[in-house]
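First residue of the sequence shown: 1, per the UniProt record's numbering; consecutive thereafter.
Ideal Cβ positions, reconstructed from N, Cα and C, are used throughout, including at glycine.
Predicted model only: the values in this text are computed from it and were never measured.
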Amino acid sequence: MAINEWMQINDKIRRKVFPPGEKMMSMAIAFEQGGIGPEHSHPHEQTGYVINGKIEMRIAGETFIFSEGDFIHVPSGVPHAVLALEKSLVLESFTPLREDLLSG
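Here it is as structure tokens:
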């Protein structure tokens, strides 16, 4: 996995993983309108900040709309999914480190 380089996830989503700290890491996710992050969960606590755009997130079965300036919190182990309602850029942070994202 390249650190500090954009990686195409699918035709509507790219991500850029930043150099990690000892116990936490961050990445930027760029969505084209209609981009979908399917429902998943992980043991990492996750936060997000919407830099621009608008996304719909389903967190623990409840639906939320987040737009520019909004903060997102996903507790560890909680199922969540995302749909980009418009072109969006989101900064996400995780603790502990997401080794799956750092290794490929």
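Going by C-alpha to C-alpha distance, which of the options sits closest to residue i?
{"i": "Gly53", "options": "Val17, Met7, Ile29 and Ser41", "result": "Ile29"}
{"i": "Ala81", "options": "Ile65, Val17 and Thr95", "result": "Ile65"}
{"i": "Ala2", "options": "Met27, Lys12 and Asn10", "result": "Met27"}
{"i": "Ile36", "options": "Ile55, Glu5 and Ser67", "result": "Ile55"}
{"i": "His40", "options": "Ser103, Met57 and Met25", "result": "Met57"}
Between which residues of its own chain and residue i is the CB-CB distance below 7 Å, once the five residues before and five after are set aside?
{"i": "Gly69", "result": "Val50"}
{"i": "Glu32", "result": "Lys12, Ala84 and Lys87"}
{"i": "Ile59", "result": "Val74, Val78 and His80"}
{"i": "Thr63", "result": "Glu56"}
Buried or exposed, going by whether 16 or more other CB atoms sit within 10 Å of the CB of residue i?
{"i": "Gln8", "result": "exposed"}
{"i": "Glu22", "result": "exposed"}
{"i": "Ala84", "result": "buried"}
{"i": "Gln46", "result": "buried"}
{"i": "Glu99", "result": "exposed"}
{"i": "Phe94", "result": "buried"}
Give the C-beta separation of residue i and residue j to the nearest angstrom, bearing in mind that I take them to be a contact with Cβ-Cβ under 8 Å.
{"i": "Pro20", "j": "Leu97", "result": "5 Å"}
Counting only the same chain and skipping the five closest in sequence on each side, list residues whose C-beta sits under 6 Å from that of residue i.
{"i": "Gly61", "result": "none"}
{"i": "Gly48", "result": "Ile72, Val90 and Glu92"}
{"i": "Val17", "result": "Ile3, Met27 and Leu101"}
Exercise for the section: Scan the UniProt domain "Cupin type-2" (30-84) and note each continuous beta strand (DSSP E) run of 3 residues or more that stays entirely inside, going in chain order. Expected result: Every beta strand (DSSP E) of 3 residues or more that sits fully in the UniProt domain "Cupin type-2" (30-84) is shown, in chain order, as 36-40, 45-52, 54-59, 62-67, 71-74 and 80-84.
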